[in-house]
Amino acid sequence: MSAGPFQYARKTSMRTMFLLATIFLYAPIIVLIVFSFNDSRRGGNIVWRGFTTDYYVKAWNNASLIEAFANSITIAVISTIFATVLGAMTAVLLWRWRFPAKPVYEGLVALPIVIPEICMGVSLAVFFASTGLSIPPEAPWPLNLGNIIVAHITFSFPFAAMVIRTRLQSFPPEMAEAARDLGATEWRVFWDILIPHMVPGLIAGALLAFTLSLDDFVITFFTSGPNTVTFPVKVYSMLRFSVTPEINAASTVLILMTLVMTFIAIRLQKPTEMAQ
Amino acid sequence: MESWRRATAAFAAFAGPTTLWLMVFFLVPLGIIWVYSFGENVSLTEIKTTWTWSNYARIFEPEIATLFWRTLWLSGIATVVCLIVGYPVALSIATAEAKWKPWLLLVIMLPFWTNLLIRTYAMLNILGAQGRLNDVIGWVWAAGDGLASLVGLDGLFGERFQPVTFLGTQLGVVIGLVYVQLPFAILPLYSSMERLDRSYLEASMDLGAGQFRTFFLVLVPLTSAGLVTAAIITFIPALGSFLTPDLLGRGQVDMIANVIERQFKKANDWPFGSALSLFLLYVTFIVLAVKAIIDMQAAKRRRS
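Chains as they are written, first to last, in this note's numbering: chain A, 1 to 276; chain B, 1 to 304.
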C-alpha cells in the first residue's frame, strides 16, 4: 500500500496496540503454564520455588480428575456426532426448501445460540428434574452421561448448522441437475454429490461442536450430577477448595489439546474462513 | 430453492428430527421454567403453580434491581473497553500484508478456543494481591519512586507500594469480562474493515482531510455496522456471564447469573430463579431487537 489511507495504521502505535492486546490475551495463560511447574504446594501461583513436574504426576494419579477428563472426551465425541448430523439436516432443510413460517423456524434454530447459557442450563436442569425424561445417575457408563450429552447436542447443533449452511451456499445447482438428467435418483444426488460437497463444512461444524462441548461449563454445571462430572466442573470444584499447581497442570494439558485441535482445523481450513 | 410440497417425504425426513429435538429439549424446558416462574414453594421439594406475579415483583425490589443495574453497567463498560481496544487491533490486522492476515487473526482467535474456565482461572492468578499484575504495577511504582527521589520529590507516590485490589472489585470483574470477550469484538470489526471500499479513505485524504479527521469522520462511520455487531456480540454474553463474576468477583460483585445459580443450588427457590432467568432472557431479546431496529434503519438510509 502506498502512502495515504490507513497510513496511520502502519505506524508503530497501531502495532503497539496489537502487541499489547496479544500480551493481554496470552500473558495469563503463559503464567498459568509456567506455574504448573512450580514446586510449591501452598499458594502455588504466587512465589516461584523451583522447577518440578510432580504436579503432572499428581494430576495423572488423581483418579477423579482422570475420570472427569474421560467423561468430557466421551461427551464431546458423542454429542459432536449427533450435533453434526442434526446440524447438517437443519442446514439442508433451510438451504433447500421454501416452507411456511420459514423465518420463524430460522429464528428458532438461532435461538440456542443467542440465549444466555445460564437460562438454557437452568431450564434443562428443571426439565430433567421434573419430567422424569432423564437418565438415572446409576445407569452404566456412558449412559449416565446422557443428560449432559443431550444438553450439549442442544446448544451445539445450531452452531454446526450455521457453519454447514455457509458451505452449502457455494453448491453449484447445475451439478445436481446434471446428475438428475443422467438418471440419478434423489437419494444418489444427495449421497454422491451433495454430501461430498458438504464435507469441509461438516468437518468445520464437527470441530466447532467438539470445542463447544469441551469448553462448556455453565450448562454442564446444571445438568451434571455428583457422579457425572466433566473436566471443567471438576476443575471448578477443585479451585473452589484450594488453588494448587495440580490445577495448572491439568489445565495445561487441556490447553495443549486445544492447540493440537486448532492446528488440525487450520490444516483443513484457512483461518480467514474460520473467522467468518 | 424448491417448495416443500414437491418432496414431502424428503422434507419431513429432514424437518422431523431437528424440529422434534428443538421442541423437546429446548422449547419444552423453557416452557417449564415459564410455568414455574408463576409458582410458589409449598414445601422443600414441592412447587405449586398458583399463577402468582410475586416472583416477578421481587425483581423490582431494591436488592435485585441494583443487581440488574450492576449487570448492565459492568457489561456495558466491558463492551466499551472491548470496542476501544478492539478497534485499533482489528485495524492493524486489516491493514497488514495479505500473507500475515490469517496468522494475526489466528493469534487473536486462539485464546477464544481455549476453555473459558481455564482462562478465568488464569486471570484469577494474575489479578491476586500478590499476582503478576501487581508485580508489574509494583515495578512501575518502584521506577517512578526512584525517578521522583532523583529529582528530590521523595515519597511523591506514597510511602510504600500498596498492591491494587482487583479480586472482589468491579474493576477486576470488568478486566475479566474484557479478557473473555475481546476476541469476539475484534472479529466483526475486522470483517467490516475488510469489506470497506478504501477509495473513500483515499478521497478523504486527497481532499485534504488529515489522518485524524479521516479516521473519525470517514473510517469510523463506514465501519459502524461492524461496531454495532461487535457491541452486541460482546454485550449479550457479558450479560449472562457466570464464571467471571463468580471467580473474580469473589461473591462481592455478583451479576445476575450468580443470583440465578444460587436460587437453583443453595437457596433452592426455583420459582424465583425461573423468573430471574426469564427476565434475563427478555432483556437479551430487547437488546437484539434494538440491534434489528438499527440494522433496518441503516438499510433504509442506504436505499434512500
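The beta-carbon is built from N, C-alpha and C at its ideal position, and this holds for glycine as well. Computed from a predicted model, the values in this text were never measured in an experiment.
message = Quick check: the Cα distance between serine 37 (chain B) and alanine 225 (chain B), rounded to an integer number of angstroms?
response = To locate residue 37 (chain B), count along the second sequence from 1; it is residue 37. To locate residue 225 (chain B), count along the second sequence from 1; it is residue 225. Approximately 37 Å, taken between the alpha carbons.
ask   = Can the beta-carbon of alanine 94 (chain B) be found less than 7 Å from the beta-carbon of glutamate 194 (chain B)?
value = In the second sequence, residue 94 (chain B) corresponds to position 94, counting from 1. In the second sequence, residue 194 (chain B) corresponds to position 194, counting from 1. Contact flag set, yes.
query = How is aspartate 192 (chain A) classed by DSSP in three states: helix, strand or coil?
reply = By one-based count along the first sequence, residue 192 (chain A) stands at place 192. Three-state DSSP puts aspartate 192 (chain A) in a helix.
query = In whole angstroms, what is the alpha-carbon distance linking serine 36 (chain A) and threonine 252 (chain A)?
reply = Translated into positions along the first sequence, residue 36 (chain A) becomes position 36. Translated into positions along the first sequence, residue 252 (chain A) becomes position 252. The alpha-carbon atoms of serine 36 (chain A) and threonine 252 (chain A) are separated by roughly 7 Å.
Endpoints, alpha helix (DSSP H) assigned at threonine 284 (chain B) = As a working note, residue 284 (chain B) is residue 284 in the second sequence. Run containing threonine 284 (chain B): 270-303, per the alpha helix (DSSP H) assignment.
query = In chain B, which residues lie less than 7 Å from arginine 15 (chain A) when you measure between Cβ atoms?
reply = As a first step, residue 15 (chain A) is located in the first sequence; it is residue number 15 there, counting from the start. Going along chain B in sequence order, the residues near arginine 15 (chain A) (Cβ under 7 Å) are Ser92.
key: Cross-strand partners of phenylalanine 51 (chain A) (DSSP beta bridge)   = Looking up residue 51 (chain A) in the first sequence gives position 51. DSSP lists A:Asn38 as partners of phenylalanine 51 (chain A).
query = Between tryptophan 113 (chain B) and chain A, is there a C-beta pair that is closer than 7 Å?
reply = Indexing the second sequence from 1 puts residue 113 (chain B) at position 113. Among the CB atoms of chain A, one or more fall inside 7 Å of the CB of tryptophan 113 (chain B).
key: Cβ shell of valine 47 (chain A) (< 7 Å), same chain only, five flanking positions each side left out   = What you label residue 47 (chain A) is simply residue 47 of the first sequence in a count that begins at 1. Closer than 7 Å at Cβ, skipping near neighbours: Ser40.
key: Neighbour list for serine 314 (chain B) in chain A, Cβ cutoff strictly below 7 Å   = A question about residue 314 (chain B) goes unanswered here, because the residues of chain B that appear run from 1 up to 304.
ask   = Taking any Cβ of chain A, which residues in the stretch 113-133 of chain B have a Cβ under 8 Å from it, in chain order?
value = Taking 8 Å as the Cβ-Cβ cut-off against chain A, the residues of the stretch 113-133 of chain B that qualify are Trp113, Thr114, Asn115, Leu116, Leu117, Ile118, Arg119, Tyr121, Ala122, Met123, Leu124, Asn125, Ile126, Gly128, Gln130, Gly131 and Arg132.
Per-residue DSSP class, three states only, for tryptophan 141 (chain A) = Working through the first sequence from its first residue, we reach residue 141 (chain A) at position 141. The answer is coil: DSSP assigns tryptophan 141 (chain A) none of H, G, I, E or B.
message = Taking contact to mean 3 or more Cβ pairs, one atom from each stretch, closer than 8 Å, check whether the stretch 176-195 of chain A and the stretch 225-239 of chain A are in contact.
response = no
ask   = Cβ atoms of proline 116 (chain A) and threonine 66 (chain B): under 7 Å apart, would you say?
value = Here residue 66 (chain B) corresponds to residue number 66 of the second sequence, with the count starting at 1. Here residue 116 (chain A) corresponds to residue number 116 of the first sequence, with the count starting at 1. Contact flag unset, no.
For isoleucine 46 (chain A), the three-state DSSP class (helix, strand or coil) = Start at 1 with the first residue of the first sequence, and residue 46 (chain A) comes out as number 46. Reduced to three states, the DSSP call for isoleucine 46 (chain A) is coil.
query = Comparing the C-beta of isoleucine 137 (chain B) with each C-beta of chain A, is any distance below 7 Å?
reply = Locating residue 137 (chain B) in the second sequence gives position 137, counting from the first residue. Output row for isoleucine 137 (chain B): interface = no.
message = Can you pull the chain A neighbours of proline 29 (chain B), defined as C-beta to C-beta under 7 Å?
response = Sequence index remark: in the second sequence, residue 29 (chain B) carries index 29 (1-based). Ordered by position in chain A, the residues that pass the 7 Å Cβ test against proline 29 (chain B) are Ser123, Leu124, Val126 and Phe127.
message = Any beta carbon from chain B within less than 7 Å of leucine 281 (chain A)'s own beta carbon?
response = Residue 281 (chain A) is absent from the model: chain A starts at 1 and stops at 276.
query = Around the Cβ of glutamine 181 (chain B), are there at least 16 other Cβ atoms within 10 angstroms (buried) or fewer (exposed)?
reply = Here residue 181 (chain B) corresponds to residue number 181 of the second sequence, with the count starting at 1. So glutamine 181 (chain B) ends up on the buried side.
query = Quick one: is glutamine 263 (chain B) buried, meaning 16 or more other Cβ sit within 10 Å of its Cβ, or exposed?
reply = Locating residue 263 (chain B) in the second sequence gives position 263, where the first residue counts as 1. Buried.
request  = Look at proline 271 (chain B) and serine 123 (chain A) and say whether their C-beta atoms are less than 7 Å apart.
outcome  = As a first step, residue 271 (chain B) must be located in the second sequence, where it is residue number 271. As a first step, residue 123 (chain A) must be located in the first sequence, where it is residue number 123. The answer is no: Cβ separation not under 7 Å.
key: alanine 204 (chain A) to alanine 160 (chain A) span [Cα, whole Å]   = Position 204 of the first sequence, counted from the first residue, corresponds to residue 204 (chain A). Position 160 of the first sequence, counted from the first residue, corresponds to residue 160 (chain A). One alpha carbon belongs to alanine 204 (chain A), the other to alanine 160 (chain A), and they sit about 8 Å apart.
Short CB-CB distance (under 7 Å) between arginine 297 (chain A) and chain B = With chain A covering only 1 through 276, there is no way to say anything about residue 297 (chain A).
query = Comparing alpha-carbon positions, which option in A:Leu208, A:Val126 and A:Tyr105 lies nearest isoleucine 32 (chain B)?
reply = Position 32 of the second sequence, counted from the first residue, corresponds to residue 32 (chain B). Checked all of A:Leu208, A:Val126 and A:Tyr105; the closest Cα to isoleucine 32 (chain B) is A:Val126.
query = What whole-angstrom Cβ distance do phenylalanine 242 (chain B) and isoleucine 118 (chain A) have, given they're in contact under 8 Å?
reply = Walking along the second sequence from the start, residue 242 (chain B) turns up at place 242. Walking along the first sequence from the start, residue 118 (chain A) turns up at place 118. About 6 Å separates the two Cβ atoms, so the contact holds.
message = Looking at tryptophan 141 (chain B): is its Cβ nearer than 7 Å to the Cβ of phenylalanine 161 (chain B)?
response = Numbered from its first residue, the second sequence carries residue 141 (chain B) at position 141. Numbered from its first residue, the second sequence carries residue 161 (chain B) at position 161. Yes. Within cutoff.
query = Per DSSP, which one or two residues make a beta bridge with tryptophan 97 (chain A)?
reply = Taking the first sequence and counting its residues from 1, the one referred to as residue 97 (chain A) is at position 97. When DSSP reads this structure, tryptophan 97 (chain A) sits in a beta bridge with B:Glu2.
query = What does a CB cutoff of less than 6 Å around serine 274 (chain B) pick up in its chain, not counting 5 residues either side in sequence?
reply = Sequence index remark: in the second sequence, residue 274 (chain B) carries index 274 (1-based). These residues qualify, in order along the chain: Ile33, Tyr36 and Ser37.
query = Just by C-beta distance, which residues in the stretch 49-75 of chain A are closer than 7 Å to chain B?
reply = none
ask   = Helix, strand or coil: which one does DSSP assign to isoleucine 135 (chain A)?
value = Working through the first sequence from its first residue, we reach residue 135 (chain A) at position 135. Coil.
query = Within the 7 Å Cβ cut-off, does leucine 189 (chain B) reach chain A?
reply = Taking the first residue of the second sequence as position 1, residue 189 (chain B) is located at position 189. Cβ-Cβ to chain A under 7 Å: no for leucine 189 (chain B).
key: Segment contact flag, the stretch 109-126 of chain B with the stretch 206-216 of chain A, C-beta cutoff 8 Å, min 3 pairs   = Segments in contact, yes.
query = When you compare each of B:Gly39, B:Ser199 and B:Pro62 to leucine 222 (chain B) by their alpha carbons, which one comes out closest?
reply = Taking the first residue of the second sequence as position 1, residue 222 (chain B) is located at position 222. Each of B:Gly39, B:Ser199 and B:Pro62 was checked against the Cα of leucine 222 (chain B), and the nearest Cα belongs to B:Ser199.
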